[in-house]
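Engineer: There's a structure below that I have some questions on.
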Amino acid sequence: METARALRADQFDPASLAALGHIEVVARWIVDGFLTGLHRSPRKGFSVEFAEHRPYQPGDDLRYLDWKIAARADRWVVKQFEEETNLRATIVLDVSRSMNWSGDVSRLTKLAYADHLVAALSLLLLRQRDSVGLIRFDDGLRTMLPPRARRQQWRRILAALSEPGGGRGSDAPGALDQAARLIRRPGLVILISDLLVDPAEAERALRRLRAGGHDVTVLHILDPAERDLTLAADAVFVDPESGEEVPATIADVRDVYRATVRDALVEWRGRCAAAGASYETVLTDVPFGAPLRRAFSARQRLP
474 METARALRAD QFDPASLAAL GHIEVVARWI VDGFLTGLHR SPRKGFSVEF AEHRPYQPGD
534 DLRYLDWKIA ARADRWVVKQ FEEETNLRAT IVLDVSRSMN WSGDVSRLTK LAYADHLVAA
594 LSLLLLRQRD SVGLIRFDDG LRTMLPPRAR RQQWRRILAA LSEPGGGRGS DAPGALDQAA
654 RLIRRPGLVI LISDLLVDPA EAERALRRLR AGGHDVTVLH ILDPAERDLT LAADAVFVDP
714 ESGEEVPATI ADVRDVYRAT VRDALVEWRG RCAAAGASYE TVLTDVPFGA PLRRAFSARQ
774 RLP
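Going left to right, the sequence shown walks through residues 474 to 776 as our numbering numbers them.
Below you can see the structure in the form of structure tokens.
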């Protein structure tokens with residue numbers, strides 16, 4: 474554990490890091506490491522709308538210490554305010570059956586990787602005093618948490634991540650449309666999925682979000698074996714969502730497969746760009762700091 478922390482958890486191998494503790498603990502390590510390495514100016518000032526108290530932490534601005542409570546109850550708490558210009562973000566997570574797969578037992582499944590990423594990203598946004606919501610979907614909507622900026626929201630998100638999913642299909646367009654309904658004014662929508670969905674339908678949903686003024690980031694989760702087809706000998710390919718099986722000799726199909734995946738990634742990048750959304754591929758052996766930085770950069774672009 475000390476080695477992981479010394480190397481900054483956000484830069485540590487995802488599977489090794491996840492093995493060190495519960496998702497809540499790991500997410501805190503990731504965010505702490507990320508913030509340690511993030512060169513940013515502290516936010517100054519609060520709006521006049523009081524939100525809640527929280528325990529004082531070393532480094533907090535003493536101007537916002539509630540001296541009345543300190544004198545009356547000998548308890549140090551800081552007033553938290555909710556900025557009227559707070560970002561409202563919704564994370565849209567694919568929990569369909571295809572996400573629960575890994576090409577190597579030493580790696581996290583795509584869903585386990587995504588769950589840790591969602592936990593860390595939501596905590597990071599909440600620490601920035603942003604409102605964060607969560608939608609989980611497979612062939613239907615599994616979770617719908619409207620954006621909130623309160624401390625309890627992270628607990629709700631963690632609880633939602635432990636709920637079942639695994640439906641055969643992936644209704645990403647429906648989930649994105651629901652995200653638009655949850656955010657009352659323009660905000661940030663982050664789609665995290667392996668994108669085994671119809672690209673044309675997804676593009677139309679992304680365009681609708683952009684037409685509503687939302688900034689959209691798509692994180693395309695891939696296992697390295699999906700991209701490179703590193704398997705050997707003969708294999709039977711099974712679509713986890715349709716159940717269709719296709720036997721093949723790897724050596725005979727590897728080049729065609731890689732070209733097909735390459736073309737698919739190019740298509741997704743082009744469709745996202747055409748819809749006005751940013752797009753990034755995220756491999757499940759990449760440290761969490763990389764996709765966290767991409768998502769946080771999207772947040773920083775917003776006013």
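For every residue, glycine included, the Cβ atom is placed at its ideal position computed from N, Cα and C.
Candidates Arg580, Gly762 and Asp539: which alpha carbon is nearest Val551's?
Structural biologist: Along the sequence shown, one-based indexing puts residue 551 at 78. When each option's Cα is compared against that of Val551, the closest is Asp539.
Engineer: Beta-carbon within less than 8 Å of Arg772's beta-carbon, same chain only, minus the 5 sequence neighbours each way: which residues are those?
Structural biologist: Walking along the sequence shown from the start, residue 772 turns up at place 299. Excluding sequence neighbours, Arg772 sits near Leu560, Ala562, Leu598, Gln601, Asp603 and Leu661.
Engineer: May I have the straight-line CA-CA distance separating Glu717 from Val709, to the nearest angstrom?
Structural biologist: Locating residue 717 in the sequence shown gives position 244, counting from the first residue. Locating residue 709 in the sequence shown gives position 236, counting from the first residue. If you take the alpha carbons of Glu717 and Val709, they lie about 10 Å apart.
Engineer: With a Cβ-Cβ cutoff of 9 Å, do Glu676 and Cys745 count as a contact?
Structural biologist: Along the sequence shown, one-based indexing puts residue 676 at 203. Along the sequence shown, one-based indexing puts residue 745 at 272. The answer is yes: Cβ separation under 9 Å.
Engineer: Measure the alpha-carbon distance for Arg700 versus Val734 and round it to whole angstroms.
Structural biologist: The sequence position of residue 700 within the sequence shown is 227, counting from 1. The sequence position of residue 734 within the sequence shown is 261, counting from 1. For Arg700 and Val734, the distance between alpha carbons rounds to 6 Å.
Engineer: From the DSSP output, which residues share a beta bridge with Ala562?
Structural biologist: Position 89 of the sequence shown, counted from the first residue, corresponds to residue 562. DSSP lists Val605 and Leu661 as partners of Ala562.
Engineer: My understanding is that Glu753 touches Leu692, with C-beta atoms under 8 Å, so please give their C-beta distance in whole angstroms.
Structural biologist: Within the sequence shown, numbered from 1, the residue matching residue 753 stands at position 280. Within the sequence shown, numbered from 1, the residue matching residue 692 stands at position 219. Right, their Cβ atoms sit about 6 Å apart.
Engineer: Nearest-angstrom Cα distance between Phe761 and Arg545?
Structural biologist: As a first step, residue 761 is located in the sequence shown; it is residue number 288 there, counting from the start. As a first step, residue 545 is located in the sequence shown; it is residue number 72 there, counting from the start. Roughly 43 Å between the two C-alpha positions.
Engineer: In the DSSP assignment, the beta strand (DSSP E) including Ile723 goes from what residue to what residue?
Structural biologist: Residue 723 sits at position 250 when you count from the first residue of the sequence shown. That residue, Ile723, is in no beta strand (DSSP E); its alpha helix (DSSP H) goes Ile723 to Ala748.
Engineer: Can you tell me the Cα-Cα spacing of Ile496 and Ala482, whole angstroms?
Structural biologist: Within the sequence shown, residue 496 is the residue found at index 23, counting from 1. Within the sequence shown, residue 482 is the residue found at index 9, counting from 1. If you take the alpha carbons of Ile496 and Ala482, they lie about 13 Å apart.
Engineer: Out of Arg641, Trp549, Ile656 and Ile663, which has the shortest C-alpha to C-alpha gap to Leu590?
Structural biologist: Along the sequence shown, read from residue 1 onward, the residue named residue 590 stands at position 117. Comparing Cα positions, the closest option is Ile663.
Engineer: As a quick exercise: from Phe769, Val755, Ile564 and Ala698, pick the residue whose alpha carbon is nearest that of Asp577.
Structural biologist: The count along the sequence shown starts at 1 and reaches residue 577 at position 104. The residue with the shortest Cα to Cα distance from Asp577 is Ala698.
Engineer: Tell me the rounded alpha-carbon separation between Pro659 and Val755.
Structural biologist: Counted from its first residue, the sequence shown places residue 659 at position 186. Counted from its first residue, the sequence shown places residue 755 at position 282. Roughly 26 Å separates the two Cα atoms.
Engineer: Considering only C-alpha positions, which residue in the set Ser579, Arg742 and Ile694 is nearest to Leu765?
Structural biologist: Here residue 765 refers to the residue found at position 292 when the sequence shown is read from its first residue. The shortest Cα separation from Leu765 among Ser579, Arg742 and Ile694 belongs to Ile694.
Engineer: Among residues of its own chain, excluding the 5 on either side of Leu584, which ones have a beta-carbon nearer than 7 Å to its beta-carbon?
Structural biologist: If you number the sequence shown from 1, residue 584 lands on position 111. Hits under 7 Å: Val568, Met572 and Asn573.
Engineer: Out of curiosity, what's the CA-to-CA distance linking Ala488 and Arg580?
Structural biologist: Within the sequence shown, numbered from 1, the residue matching residue 488 stands at position 15. Within the sequence shown, numbered from 1, the residue matching residue 580 stands at position 107. If you take the alpha carbons of Ala488 and Arg580, they lie about 5 Å apart.
Engineer: Should Arg774 go down as buried or exposed, given a rule of 16 or more other Cβ atoms within 10 Å for buried?
Structural biologist: Translated into the one-based positions of the sequence shown, residue 774 becomes position 301. Classification of Arg774: exposed, given that the 10 Å Cβ count is below 16.
Engineer: Considering only residues of the segment 601–651, which uninterrupted beta strand (DSSP E) runs meet the minimum length of 3 residues and lie entirely inside it, listed in chain order?
Structural biologist: Complete beta strand (DSSP E) runs here, min 3: 604–610 and 614–621.
Engineer: Leaving out the 5 sequence neighbours to the left and right, which residues in its chain are closer than 7 Å to Arg680 when beta-carbon positions are compared?
Structural biologist: Locating residue 680 in the sequence shown gives position 207, where the first residue counts as 1. Excluding positions up to five away in sequence, the list reads Ala748.
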